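Residue numbers (my numbering), protein chains in the order written: chain A, 1 to 424; chain B, 1001 to 1424.
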């Protein structure tokens, strides 16, 4: 048994205690707390911006990359955008207390499932300080307590934001202990936190693949594994060329650094000679590098203003998070399905086809959180799917798959109303 | 890294392979396989009864208890009852392919969640050979492959039953590899199996608390933790005495060896003087031993034909699985709620009251899989709740809570049907 830091143990116990009160909190009080937080993000920015300047200067001194520094930076506008996000969460329906599958049994028992909060959520995240506010807002609205452990590079910013959040909760007359922020940046604390299954019901890691894999491996409680998307788009023999070009372009170029962007383009051999030059030219203008199998390369390599190189074996199944796409020519839908089964990460997969039977087979047989016909994989997102804000995109198979919104932060209990029934 | 036995690795790989085919299997074919299994359980009993006689004699020689031997024993009637259970599973609706939360987004995308099998289920169980058939039938109907690891005392019986199951599947033209039975009784194999998260998506342990805790601790994939029920019935100040006596009697006596039976009776101080003597007399006739706090003891100890002893501290929160009940007098609903929060296992909890506000508070504040008003906790059961057969009663908070039927053996994927949509 490892020793647990006193700070961690105390905060975890306080979160568990607060979660009992949160179960009973009315939607009104939760929304009032959220609106308090939004207001403070707009009108009490001083201490947050100061803390952020401290982190930013330290980041510069440590030689963080420009991209990292930009992710770290808070501005009045960014704080206002965070406030708007918190207001959106307040505007979403409260999932807690919803009853479903209600029925009256022959013996008169009234049985139903009622949504309740999960309990205590642990969040382990890197860099972007807005996660502090996002996850707090989603957990609060869904009646869960949360224990936050952010990255050390944003430690002061996160602490200042967590202070605003707790103050907003307290001002609504709700228990501020619902949000716990771990101040210590000692890395050993993450390891300890992942073993606190007696206090924490679910861990949500937000960050790069390294963090997510570490958390999944070490945690003794359930973990939302997600955020790693090796996404394929398969252009079938019977595809509409216009749709195929638009979808492949959008899926790769519109925002290449996110998990639902295209990583590998699979093209049917009959389609490839017409399609690949069109896609290659569009991608070429956007600066996309194509890593091609030999058949794809023979088609696109002769073209001008196209960046095409031979694919190496590890380009299949790689999440590029950049303007790079692996490209392979396949001889059949079956070959495409096998490729996806082998290399996909179960995130988002698409087919472009006008062939009904091919579309249905793809929908039936691809095993992923989101399976598309004739649309860009970039739509895998809680807001796009109509769930409101999302806490993560799960590639787990159990509990929740794909975008996790407020409802996915709840569980249910069975309620049984009787008039003295006993079992015969 | 431990070495994995070749038998285990091969069978796990075969199950994973079969699960791909199972995803696509029609309800008709799955039902035909189930009816084949039922028929064989009635008409091809010889090898099973022979194998069971072998296990039974070995059990006698090893000095198994009468209760253990009875659980092990198979008879023509018991096999016929198993056949009837399999036919019930065939008659249940197929959850796979159900679509829900369907909506058309403003951009025309048609988004829905579609139920799909989880994949590969691992079952680790003790004693009763009928689990071999039960779990196979439920997994098959829900489109999941299953890897079975039964107890060594029933090894021959389980192997013979698994053979009938596989044969029934093959005769329906479906992949018999959907059901894998681990022949080796080497205990090290369980340990190995619990690490095979690359092949097994979910582990279901069925057996005593020791087995369940071992599996929960060692498994690297999700585990259905369940089957441990420390169940309270709280008789409120405003309770109807007739209902209270009937419910307490039923919950303790009707089947004391199961997880949803009463363990602790909490009685409001105002009610105790009238109620406890009535319950104690009824329980006394049934042979129930009462382990009482001092106030309860002072009420029931003077009575004749009542078995009452002082409770020891570890009687609170104990699952007795026998004709024993802990009994405590409390001064308020709050005290009852605190007792349940502290000692309950989150399984089934009941209040007996005619007070509306007390009933609502109990429903809201008790955190358990099943929360009852004026009914016996013995109803926590898949068949009683209208789910059909159950694979387990989960006390997990995530994925499924309470009775797990066919639907709880599925997950979902998002399907998105488009006409060329791209994300702006």
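Quick reminder that beta carbons are idealized off the backbone N, C-alpha and C, glycines included. Keep in mind the model is a prediction, meaning the values are calculated, not measured.
Alpha carbon of residue i to alpha carbon of residue j, nearest angstrom
i, j, result
"residue 1353 of chain B", "residue 1235 of chain B", "7 Å"
"residue 1021 of chain B", "residue 366 of chain A", "12 Å"
"residue 255 of chain A", "residue 141 of chain A", "29 Å"
"residue 1017 of chain B", "residue 1119 of chain B", "10 Å"
"residue 1 of chain A", "residue 1227 of chain B", "Residue placement at residue 1 of chain A cannot be trusted, given a pLDDT of 45 that sits under 50; the coordinates are not used to answer."
"residue 359 of chain A", "residue 375 of chain A", "12 Å"
"residue 222 of chain A", "residue 194 of chain A", "10 Å"
"residue 1381 of chain B", "residue 1088 of chain B", "15 Å"
"residue 1075 of chain B", "residue 1133 of chain B", "15 Å"
"residue 404 of chain A", "residue 225 of chain A", "11 Å"
"residue 259 of chain A", "residue 1219 of chain B", "29 Å"
"residue 1245 of chain B", "residue 1031 of chain B", "44 Å"
"residue 311 of chain A", "residue 1084 of chain B", "57 Å"
"residue 321 of chain A", "residue 257 of chain A", "4 Å"
"residue 261 of chain A", "residue 364 of chain A", "22 Å"
"residue 1111 of chain B", "residue 1104 of chain B", "6 Å"
"residue 442 of chain A", "residue 27 of chain A", "Not covered by the structure: residue 442 of chain A. The range shown for chain A is 1 to 424."
"residue 357 of chain A", "residue 373 of chain A", "12 Å"
"residue 336 of chain A", "residue 348 of chain A", "14 Å"
"residue 1400 of chain B", "residue 1135 of chain B", "17 Å"
Cβ of residue i within 8 Å of any chain B Cβ
i, result
"residue 56 of chain A", "no"
"residue 420 of chain A", "yes"
"residue 399 of chain A", "yes"
"residue 1 of chain A", "Its pLDDT being 45, under 50, residue 1 of chain A is placed unreliably in this model, and the coordinates cannot settle the point."
"residue 411 of chain A", "yes"
"residue 426 of chain A", "The structure shown does not extend to residue 426 of chain A, since chain A is modelled only from 1 to 424, so the question has no answer here."
"residue 111 of chain A", "yes"
"residue 201 of chain A", "yes"
"residue 198 of chain A", "no"
"residue 285 of chain A", "no"
"residue 243 of chain A", "yes"
"residue 229 of chain A", "no"
Inter-residue CB distance, residue i and residue j (contact presumed, cutoff 8 Å)
i, j, result
"residue 328 of chain A", "residue 303 of chain A", "Actually they are not in contact, since the Cβ atoms of residue 328 of chain A and residue 303 of chain A sit about 18 Å apart, beyond 8 Å."
"residue 1113 of chain B", "residue 1412 of chain B", "4 Å"
"residue 295 of chain A", "residue 333 of chain A", "The Cβ separation is near 17 Å, so there is no contact."
"residue 196 of chain A", "residue 5 of chain A", "Not confirmed; about 11 Å, so no contact."
"residue 1287 of chain B", "residue 1305 of chain B", "About 10 Å; that fails the 8 Å criterion."
"residue 1095 of chain B", "residue 1407 of chain B", "4 Å"
CB contact below 8 Å: residue i versus chain A
i, result
"residue 1222 of chain B", "yes"
"residue 1105 of chain B", "yes"
"residue 1213 of chain B", "no"
"residue 1376 of chain B", "yes"
"residue 1386 of chain B", "yes"
"residue 1100 of chain B", "no"
"residue 1379 of chain B", "yes"
"residue 1013 of chain B", "no"
Contacts that residue i makes with chain A (C-beta to C-beta distance below 7 Å)
i, result
"residue 1364 of chain B", "24"
"residue 1187 of chain B", "Within 7 Å Cβ-Cβ: nothing; residue 1187 of chain B doesn't reach chain A, min ~23 Å."
"residue 1323 of chain B", "Result: empty, since nearest Cβ-Cβ is about 16 Å, beyond 7 Å."
Under 9 Å from the C-beta of residue i: neighbouring residues of chain B
i, result
"residue 415 of chain A", "1363, 1370, 1371, 1372, 1373"
"residue 195 of chain A", "Simply none; closest approach about 12 Å."
"residue 402 of chain A", "1113, 1412, 1413, 1414"
Chain-ordered chain B contacts of residue i [CB-CB under 8 Å]
i, result
"residue 246 of chain A", "1420, 1422"
"residue 405 of chain A", "Those within 8 Å of residue 405 of chain A in chain B number zero; the least Cβ separation is about 11 Å."
Chain A contact residues for residue i, given Cβ-Cβ distances below 9 Å
i, result
"residue 1254 of chain B", "422, 423, 424"
Heavy atom of the ligand NAP within 7 Å of residue i beta-carbon
i, result
"residue 165 of chain A", "Summarising the ligand content, the structure contains no ligands, and the ligand NAP is consequently not present."
Listed by chain order, chain A residues near residue i by CB distance under 8 Å
i, result
"residue 1250 of chain B", "422, 423"
When you compare the region 171-185 of chain A with the region 139-153 of chain A, are there three or more beta-carbon pairs, one atom per stretch, that lie closer than 8 Å? When C-beta atoms of the region 171-185 of chain A are compared with those of the region 139-153 of chain A, three or more pairs fall below 8 Å, so the two segments count as touching.
For the structure I just gave you, are there three or more beta carbon pairs, one from the region 1035-1050 of chain B and one from the region 1065-1079 of chain B, closer than 8 Å? yes
Can you confirm whether the region 237-254 of chain A touches the region 1410-1424 of chain B when touching is taken to mean that 3 or more C-beta pairs between the two stretches lie within less than 8 Å? By the Cβ criterion, the region 1410-1424 of chain B is in contact with the region 237-254 of chain A, since at least three pairs of Cβ atoms, one from each stretch, lie closer than 8 Å.
Check whether the region 255-265 of chain A touches the region 319-335 of chain A, taking contact to mean three or more Cβ pairs, one atom from each stretch, closer than 8 Å. yes
Decide if the region 1208-1218 of chain B is in contact with the region 383-392 of chain A; the criterion is three or more beta carbon pairs, one per stretch, under 8 Å apart. Result no; under three Cβ-Cβ pairs closer than 8 Å.
Are there three or more Cβ pairs, one per stretch, closer than 8 Å when the region 49-63 of chain A is compared with the region 154-169 of chain A? yes
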